[in-house]
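Heads up, the thing below is written out as structure tokens.
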Amino acid sequence: MADATLIAQLSDPHITVGLRDREPALALSAAVDALRRQPNRLDAVLVTGDLVDTPGARAYERVRELLAPLELPVYVIPGNHDDRDAVREYFALDGRTGSAGAPFRYTTRIGGVRLIACDTTIPGKIEGALDFEHRAWLEAELRAEPAMPTLIAMHHPPILTGIHAMDEIGLPEPDRTGLADVLARQPQAQRVVCGHAHRGAFGVVGGCGVMICPSTWRQAPLEIPGAEEPLLADETPAWALHALIDDQLVSHLQPLERRKLPRPKRKP
Ligand SMILES: [Fe+2]
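Following this note's numbering, the numbering of the sequence shown begins with 84 at its first residue and continues without gaps.
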């Protein structure tokens with residue numbers, strides 16, 4: 084067996100700064116500790132959006148600080164809570180991610196895996212898009228190396244989860260169908276990985292497996308169709324490991340311990 088390529092995925096950490104909310108940072112730091120404790124050498128970490136809850140320099144600096152102990156190459160994509168230009172500034176990738184205002188998208192290689200990172204955000208909106216131009220870019224990237232096992236990352240899932248409130252803020256049907264057509268023509272695209280839904284789920288688009296990675300912070304309750312408005316609950320977070328084994332990607336989901344904030348002391 085050739086050396087495995089191991090890519091860890093974290094999603095939706097929603098880091099905030101200030102006294103109001105330390106829980107997202109504690110949760111991301113617990114995830115980083117778990118990655119550091121696991122016995123295998125990782126090749127990279129991928130963070131699939133909503134790096135911060137509200138964009139700002141301090142929040143992105145905090146994300147970088149929290150990820151630094153990994154001592155790994157970090158690849159990110161923006162989510163609907165992010166500012167794509169701030170993401171570009173703090174996770175520059177040597178200028179390969181386009182100019183200001185443009186989608187934050189790129190292609191890179193991690194060991195034996197080709198990573199194509201798409202930007203499904205629409206500035207100022209919660210829902211996503213993977214429009215014709217973006218799909219044409221993706222297909223051109225795929226055509227460039229048809230023999231390389233490829234992992235495609237995006238924030239918004241290209242599948243319906245059945246959780247109504249999450250699906251309402253996902254990708255529109257024509258974009259999902261268009262992506263299915265692209266992937267059906269490019270069988271080297273072995274997995275689409277994403278976040279946004281704040282829970283682990285699996286599906287298929289155009290014959291390609293799709294994995295939604297849970298948030299490192301809070302999860303959407305499992306209820307179909309569920310509430311009208313998106314809900315988040317204190318359920319077990321998780322991270323994902325995408326491993327290339329003999330030219331095939333396998334995706335593992337690994338639960339994380341929740342770190343509780345200490346209870347405030349009672350006044351005497
Ligand atoms: Fe999120």
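Glycine included, every Cβ here is placed at the ideal spot set by N, Cα and C. Since the structure is predicted, the reported quantities are computational estimates derived from the model, not experimental observations.
Residue i to residue j span [Cα, whole Å]
i	j	result
A310	H247	7 Å
A263	A113	36 Å
K208	N163	7 Å
Q302	E106	13 Å
C291	G261	13 Å
A323	A183	30 Å
P351	A316	Confidence in P351 is poor, its pLDDT being 48 and thus under 50, which makes the residue's placement unreliable; the coordinate value appears in the next sentence. Each residue's alpha carbon lies about 32 Å from the other.
P161	G289	24 Å
I90	Y158	10 Å
D135	L155	In the sequence as presented, Asp is not what sits at residue 135; that position holds Val. In a straight line, the C-alpha of V135 is about 20 Å away from that of L155.
T203	R167	11 Å
Status (buried if at least 16 other CB within 10 Å, exposed otherwise) for residue i
i	result
Q331	exposed
F285	exposed
G283	buried
F174	buried
T88	buried
T299	buried
I235	buried
E216	exposed
P232	buried
A142	buried
R120	exposed
R179	exposed
DSSP three-state assignment for residue i, whether helix, strand or coil
i	result
P338	strand
L327	strand
A91	strand
V196	strand
A100	Residue identity differs from the one stated: residue 100 is Val in this sequence, not Ala. V100: coil per DSSP, three-state reduction.
W300	coil
A117	helix
L213	coil
L134	coil
A110	helix
A230	coil
L129	strand
L305	coil
Endpoints, the alpha helix (DSSP H) within which residue i is located
i	result
H247	H247 to E251
V265	E256 to A267
E148	A140 to L150
D168	R167 to Y173
Span of the beta strand (DSSP E) around residue i
i	result
T191	Y189 to I193
F285	A284 to V288
R274	A272 to C277
A236	T233 to A236
C291	C291 to I295
I160	V157 to I160
Who sits around ligand 1, taking every residue whose Cβ is closer than 5 Å to one of its heavy atoms?
Checking every Cβ against the heavy atoms of ligand 1 under 5 Å gives D95 and D133.
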